[in-house]
Amino acid sequence: MIIMTKTTKTIITMIINTIRVLIMVVVKGILVVNVQMLVVQRIL
255 MIIMTKTTKT IITMIINTIR VLIMVVVKGI LVVNVQMLVV QRIL
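Numbering (the working numbering), first residue to last: 255 to 298.
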């Protein structure tokens with residue numbers, strides 16, 4: 255049982271870390287797209 259709880263905890267932490275990384279990547283991508291759109295609008 256102790257081993258199971260340890261493995262589940264590690265799996266949960268890994269999932270949370272991957273979700274955080276994905277959110278950061280998505281936010282950065284959205285910011286980059288927004289900046290590019292603003293630059294294009296200013297140029298046009």
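By construction, the Cβ of each residue, glycine as well, lies at the ideal position given by its N, Cα and C atoms.
{"Query": "Span separating the alpha-carbon of Val293 from that of Thr261", "Result": "48 Å"}
{"Query": "Test: Val279 CB closer than 9 Å to a CB of chain C", "Result": "Looking at the structure shown, chain C is missing, and only one protein chain is on hand."}
{"Query": "Val287 versus Ile273: straight-line alpha-carbon distance, rounded", "Result": "21 Å"}
{"Query": "Distance, Gln290 Cα to Arg296 Cα", "Result": "10 Å"}
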